[in-house]
Structures are given as C-alpha cells and as structure tokens.
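Just so we're aligned: 590 in the numbering used here is position 256 of the sequence shown, and the numbers increase by one with no gaps anywhere. Built from N, CA and C at the ideal position, the CB exists for glycine as well. All values reported here derive from a predicted model rather than from experimental measurement.
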Amino acid sequence: AILRTVSELVPKEIIDKDPRIKKAKDMQKNIPIIKINELEEKEKLQKSDLNVLRTELEKIKKLLNEVNGLLDRIGKIHEQMRPKRSYEREVLINSLANLVNQTAKDEGKKANLDSSKFKIEEIPHKDRIFVKEIMIQLLRNSVAHGIELPKERKAKKKPAEAKITISTFADKSHYGFLLRDDGRGIQVDKLKQRAIKVKMAVEGEVKNWSDDEVVKMIFEQGITTTEKANMVSGRGVGLDIVNQKVLSRNGDIKVTFEEDKFCEFKISIPQVTEE
C-alpha cells in the first residue's frame, strides 16, 4: 500500500530510474505472508519453524529499511520539485509590479509598487491564486481611480510618481492583505452625483448619506467616478466582483480614506483548517 501510494505521487520516469525504488517494489512481491500464515495454523511450533520465522522476519525488516530509505528519497524529490518561497514571492511580486507599471503607462500616470511588507508565507498556499486575482483588480482600480496624473499631483505638492503599498497579515483566526495608495482618496461628492445619475437614489436621500454609506457604493456594479469607460476601469471585472469573491469566503473588506491623501483596502479572510 505504501509503494502504491508512492507510485501515485512520484512521476513514473523517476521511479524507473531510481534503483532503490525499483528494488523495494521487487521486494514487495516477495513478502513472506504465506509462510507466516502456515506457521499460525500449527498447534505446536518446532525449532525449524522458529528458524523459518526468524528468516522471514529478517526479510520483512530488510524491506522496511528499504521503504524508509525510499520515503527519505521521496521527501528529497518533493523538496526539489516544490518552488522555493522566495522564488514564488518573486514571481508574484514581479507580475504585480509589471501590471502597475503597464496600467500606469496606459493611463498616462506614474506609479511605484512597494511590496516590502508583503509576506507570501502568511497567505495559505491554496488561497494564493484567489489573493492574486483580487490584488490584480485592486491595483488596476488604484491606478485608474485612485492616483492622479503627474501634473495634478504636482499641483497638490505631491511627488509625480504615486506610491502603492501592499502588505499582509495573519493570526490564528484570519489572514489578509492591505493595499494603500497615496492618491486622491474617495471622491465622496462625485460618487453621490453618480448615484443620482444612475437613479440609485434621489438627491434628497443622498445628501444625508454618511461617508461609510457612500463608500459602499464603489462595490456596486456601474458605479465609477471615471469620466469615460476604458479597458481598465469602465468595463469587465470591477470592485463588485471583488466584493462577491471576498464574501464567498466569509471575508470582509474595510475601506479607509482621506480625500486627496490616501485610500486603503483591507481584506480579511477566515483561516480554514483542513480536516
């Protein structure tokens, strides 16, 4: 059963080339179960029977030693096949940094991604694709909606190049990540006007909305402060889809901002223990 499991886990070409694995598999065919069963049926054991039993037990011991060596070998193979954490983080961060650079270029903006506090080991391995998908949309949203054009930033006495920071956190109950940009924050008045325009609410009602109520609108489909639709912000997957994905994991999104200063998204997901 052990070797059958190994055969399922390890590529066939590795098994065929490794003499220790092949030898252990050959020995498995000769396990002396039949002879031992014959001894169990005897009412009285003779000295010769004990000699047979001793010999067969030595064979079993030898087989177990081979299996232990085999398991050590499999562990090393798996370690070699598994990407190193540093390499996995590098690949992810490079892809996100390239996304920020290309999106900013398309938008006529300048942006730098700070990932110094992004620790990939704090994200469960099974959820890393999920996190990457959300990060991609949040970064696109940050470049398209959050950060300003260089000329506008200079007028506000900000560096021409915007800064987008991503970081992670984890404890026994939750893991998550934050994305923060030093852009224009959330334009509350423009969102209120947009809500009236798309007939989500009437003007009298909108006037009484708190900032928190206004912020909830950015997760509604069709809500944007961008003047014209484009491939980045106007159509396709938006914050409404991000919200749905997070809710599907019983997660939570918190948004904090200060107009013309910053906007921060904090995504928190419950830890799930695999049984």
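Can you check whether the CB of I481 is closer than 8 Å to the CB of K524?
Not a contact, by the Cβ cut-off of 8 Å.
Specify, as a first and last residue, the run of the alpha helix (DSSP H) that S582 falls within.
Annotation for S582: the continuous alpha helix (DSSP H) segment containing it runs L573 to S582.
Identify the residues that DSSP records as bridge partners of V589: which are they?
Paired residue(s): F599.
Report yes if the C-beta distance between T437 and R474 is below 8 Å; otherwise report no.
Closer than 8 Å, so yes.
Own chain partners of I552 with C-beta closer than 6 Å, once the 5 adjacent residues on each side are dropped
Contacts found: L573.
Ignoring anything shorter than 3 residues, give me the beta strand (DSSP E) runs that lie fully in the segment 516-551, in order along the chain.
Segments of the beta strand (DSSP E) lying fully in the segment 516-551: there are none.
For A489, the first and last residue of its enclosing alpha helix (DSSP H)
Going by DSSP, A489 is part of the alpha helix (DSSP H) stretching over P484 to A489.
Is K451 helix, strand or coil by DSSP?
Note: K451 maps to strand in three-state DSSP.
Note down the Cα distance separating F452 from G538, rounded to an integer number of angstroms.
Whole-angstrom Cα-Cα distance: 43 Å.
Reduced DSSP secondary structure (H/G/I, E/B, other) of G403
In this structure, G403 counts as helix in the three-state DSSP scheme.
From the DSSP output, read off the bridge partner residues of H508.
H508 pairs with P604.
Please report the straight-line C-alpha distance between L433 and N399, rounded to a whole angstrom.
A direct Cα-Cα distance of roughly 52 Å separates L433 from N399.
For I470 and E455, the rounded distance between their alpha carbons:
Near 19 Å, if we compare the C-alpha coordinates of I470 and E455.
Beta carbon proximity, I470 to chain D, threshold 8 Å:
Although the question refers to chain D, the structure presented lacks it and comprises just one protein chain.
Kindly indicate which three-state DSSP category A494 falls into: helix, strand or coil?
A494: coil per DSSP, three-state reduction.
From K541 to E593, what does the alpha carbon distance come to, in whole angstroms?
For K541 and E593, the distance between alpha carbons rounds to 18 Å.
Taking only three categories from DSSP, how would you classify I500?
DSSP places I500 in strand when its eight states are reduced to three.
According to the neighbour-count rule (16 or more other Cβ atoms, all chains shown, within 10 Å of its Cβ), is D516 buried or exposed?
By the neighbour-count rule (16 or more Cβ atoms within 10 Å), D516 is buried.
Of the choices V606, V522 and K497, whose alpha-carbon is the least far from that of K506?
Considering only alpha carbons, the answer is V606.
Strand pairing of A445, partner residues [DSSP]:
As DSSP reads the structure, A445 sits in a beta bridge with A496.
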